[in-house]
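Undergrad: My structure is below; once you've seen it, I'll send some questions.
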Amino acid sequence: MDLHIAATLVPLLGWAVHGSVLAHRLASARRDPLTGLHTRAGWTARAEHCIRRHPTAAVLLVDLDHFKTLNDTHGHAAGDAALIATADRLRAWCGRHGIAGRLGGDEFVAVVRDLAAVDLGALTVALHRPLSYNGVSLPLAASVGVCRLAELPVPLLTDALAAADAAMYTAKGRGRRGARLSH
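Take the sequence shown: its position 167, counting from 1, is numbered 180 in my numbering, and each next residue is one higher.
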């Protein structure tokens, strides 16, 4: 009888271990390996949940200014350090008010439950703080585009991302490093 139970439990144990490994792989696929932020897929699911629950939510897109120049001048390790610092600063700014993610390259995203509850100016200051790297002070700068969901006819994440993207490129185009609200 014990042999029969063991013969039944061994495959079940194997499936449990396999399921655990797959769950871990899925969870890690939703995190950017360099910065630890949510990837696009992981962030999107959380952001959609946030905007359904919080009509005062806002979506932000952050793009590092002159990132290619930093990489070309100081090397890819310095570029990675800049990406990690940006991610850390964005994550800290979001705190318990929102969720940060990395879309790829030097583009980051965040959703906050209520833009009035956070200090957008503090984010701009943090993103423009130089980074100490191997004894050198690297200049960092970023353009930020913001879209309040309440300003959209229908509060959809895709529309908010498009509006935040347009606001970010407007800020870049005007040479204004900082935040720009969509209109």
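Note that CB positions come from ideal geometry on N, CA and C, so glycine has one too.
Here the structure is a predicted model, which means the values were calculated and not measured.
Within its chain, find whatever has a CB closer than 8 Å to the CB of alanine 154; leave out the 5 residues flanking it on each side and keep chain order.
TA: Leu77, Asp78, His79, Leu140, His141 and Arg190
Undergrad: Can you give me the C-alpha to C-alpha distance between isoleucine 97 and aspartate 15, rounded to a whole angstrom?
TA: Cα to Cα, isoleucine 97 sits roughly 54 Å from aspartate 15.
Undergrad: For aspartate 76, write down the residues that DSSP places opposite it in a beta bridge.
TA: Glu120 and Ser156
Undergrad: For threonine 86 and valine 75, what's the separation of their Cα atoms in angstroms?
TA: 22 Å
Undergrad: Determine the burial state of arginine 104: buried for a count of at least 16 other Cβ atoms within 10 Å of its Cβ, exposed for fewer.
TA: Answer is buried; the Cβ neighbour count reaches 16.
Undergrad: DSSP three-state label for histidine 62, please.
TA: Three-state result, histidine 62: helix.
Undergrad: If you follow the beta strand (DSSP E) that valine 149 is part of, which residue opens it and which one closes it?
TA: 149-151
Undergrad: Thinking C-alpha only, which one of Gly117, Arg115 and Gly108 is nearest alanine 135?
TA: Of Gly117, Arg115 and Gly108, the residue nearest in Cα terms is Gly108.
Undergrad: Would you mind stating whether alanine 130 and alanine 123 have Cβ atoms separated by less than 7 Å?
TA: No. Outside cutoff.
Undergrad: Do you know whose CA, among Thr52, Thr57 and Pro68, lies nearest valine 167's CA?
TA: Pro68
Undergrad: With a cut-off of 8 Å on the beta carbons, I'd call glycine 186 and leucine 73 a contact; round off their distance for me.
TA: Contact doesn't hold; Cβ gap of about 18 Å is too wide.
Undergrad: With burial defined as no fewer than 16 other Cβ atoms inside 10 Å of the residue's Cβ, what is the status of isoleucine 64: buried or exposed?
TA: buried
Undergrad: Got a sec, what are the start and stop residues for the alpha helix (DSSP H) leucine 96 sits in?
TA: 89-107
Undergrad: Would the beta-carbon of leucine 162 fall within 7 Å of that of alanine 173?
TA: yes
Undergrad: When the Cα of leucine 47 is compared with those of Met181, Val138, Arg59 and Asp119, which residue comes out closest?
TA: Asp119
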